[in-house]
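With this note's numbering applied, the sequence shown covers 29 to 305.
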Amino acid sequence: MKKALQGATVALTLLGGGEAVAVEWMNNSVGFRYGQQFTNPNNPDEFSKRIYSFTHASGYRYGSNFLNLDVFLSDSRDPRKGTDHGGSEVYAVYRHQLYASRVFDRPLGTGAIKDYALTLGFDANRNNNFASAKKRALVLGPTVKFNTVGVLDLSLLYYKERNHTGIPGAQESDHTFDDTYMLNLTWMRPFEIANHGAKFQGFINYVGAKGEDYHGRDTAAEALMRTALMVAVRPGKSVKPNLYLGVGYEYWHNKFGVDGGRGSRTSTPTVNMEITF
């Protein structure tokens with residue numbers, strides 16, 4: 029991940045030197061969420077997770093950057109491999125957008141569309157449970173940015189994944205999946221409740237089938253949704269720092285591309301907390 033971020037920084041610098049990467053706006057937050065009905069393929073049990081996160085979003089002359097880092101801590105029903113203690117996972121998502129209106133220096137949005145963008149980035153994770161995943165995925169493709177309050181983006185992305193499994197009997201423990209696509213819808217709708225800031229935020233990812241898995245079985249298309257409704261504790265509009273409290277929901281169908289079976293579907297409510305600064 030460090031090398032990828034360094035590469036992104038170099039690319040932005042080449043676009044126009046210091047002026048190009050000068051930050052025009054920035055939002056940061058640290059968060060926590062908790063749910064009790066998480067699942068994993070090949071695990072017969074539901075388990076709880078404590079999830080700590082850091083999120084960064086910023087804009088510059090030609091576009092924007094987004095980075096989210098999650099640390100997942102499971103209970104003992106999703107144990108660290110070879111132990112009866114809860115497992116852990118680190119998952120990073122980075123996305124960079126180049127705005128067409130900024131690159132070509134002319135307004136391109138009309139009506140319901142605010143702008144068009146080229147999105148590129150990666151996902152990377154590492155966990156220590158039975159599967160021992162080590163995911164590396166690249167994404168690239170066009171994004172439509174809708175003209176609305178807050179954020180509403182729809183992207184069609186090329187998706188390429190390489191991963192690892194520690195499950196015995198795999199034909200290959202390190203596996204490169206077939207090229208496929210990802211449809212992504214991301215939103216953040218701000219509003220107010222009795223002079224307190226509030227927001228409805230989340231995303232939906234739909235990833236097409238990606239060929240065979242580690243055991244030579246066909247994968248299936250998978251869908252993941254995470255969403256949350258959050259309300260600020262401190263009154264006022266866009267007050268920073270601020271503490272947001274709320275509830276969320278996660279739904280995952282054919283998790284990791286596993287075509288049905290035990291643990292391949294997650295449906296869990298969560299309680300959420302977020303500090304913005």
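Just so it is clear, CB atoms sit at the ideal spot from N, CA and C, and this is done for glycine as well.
Model, not experiment: these values are computed from the prediction.
| query | result |
| --- | --- |
| Counting pairs of Cβ atoms below 8 Å between the stretch 206-225 and the stretch 179-191, do you hit three or more? | yes |
| Can you tell me whether S292 is helix, strand or coil according to DSSP? | coil |
| If we ignore side chains and look at the alpha-carbon of each, how far apart do I221 and E302 end up? | 17 Å |
| State buried or exposed for W280, treating a residue as buried only when at least 16 other CB atoms are found within 10 Å of its CB. | buried |
| Buried or exposed: which applies to N157, given that a residue is buried once 16 or more other Cβ atoms fall within 10 Å of its Cβ? | buried |
| Go through the stretch 182-209 residue by residue and report every complete run of the beta strand (DSSP E) that reaches 3 residues or more, in order. | 202-204 |
| Between which two residues does the alpha helix (DSSP H) harbouring A128 extend? | A128 to V131 |
| Assign S266 to buried or exposed, taking buried as 16 or more other Cβ atoms, counted over all protein chains shown, within 10 Å of its Cβ. | exposed |
| What are the boundary residues of the beta strand (DSSP E) that D98 is part of? | G91 to S102 |
| For S102, which residues in the same chain have their Cβ closer than 6 Å to its Cβ, ignoring the five residues on either side in sequence? | F75, K77, G114 and G115 |
| Beta-carbon within less than 6 Å of D306's beta-carbon, same chain only, minus the 5 sequence neighbours each way: which residues are those? | Here the chain has residues from 29 to 305 only, and residue 306 is not among them. |
| Distance check for G264 and K238, CA to CA, integer angstroms please. | 47 Å |
| Leaving aside the five residues before and after P218 along the sequence, list all residues of the same chain whose C-beta is less than 6 Å from its C-beta, in chain order. | G178 and K227 |
| Return the Cβ separation of Q64 and T255 in integer angstroms, given the expectation that the two are a contact with Cβ distance under 8 Å. | Their Cβ separation, rounded to whole angstroms, is 18 Å, which puts Q64 and T255 out of contact at 8 Å. |
| What distance in whole Å lies between the Cβ atoms of G230 and A145, which are believed to be in contact at a cut-off of 8 Å? | Contact flag wrong, Cβ pair sits at about 19 Å. |
| Do you know whose CA, among A140, L273 and K162, lies nearest G194's CA? | K162 |
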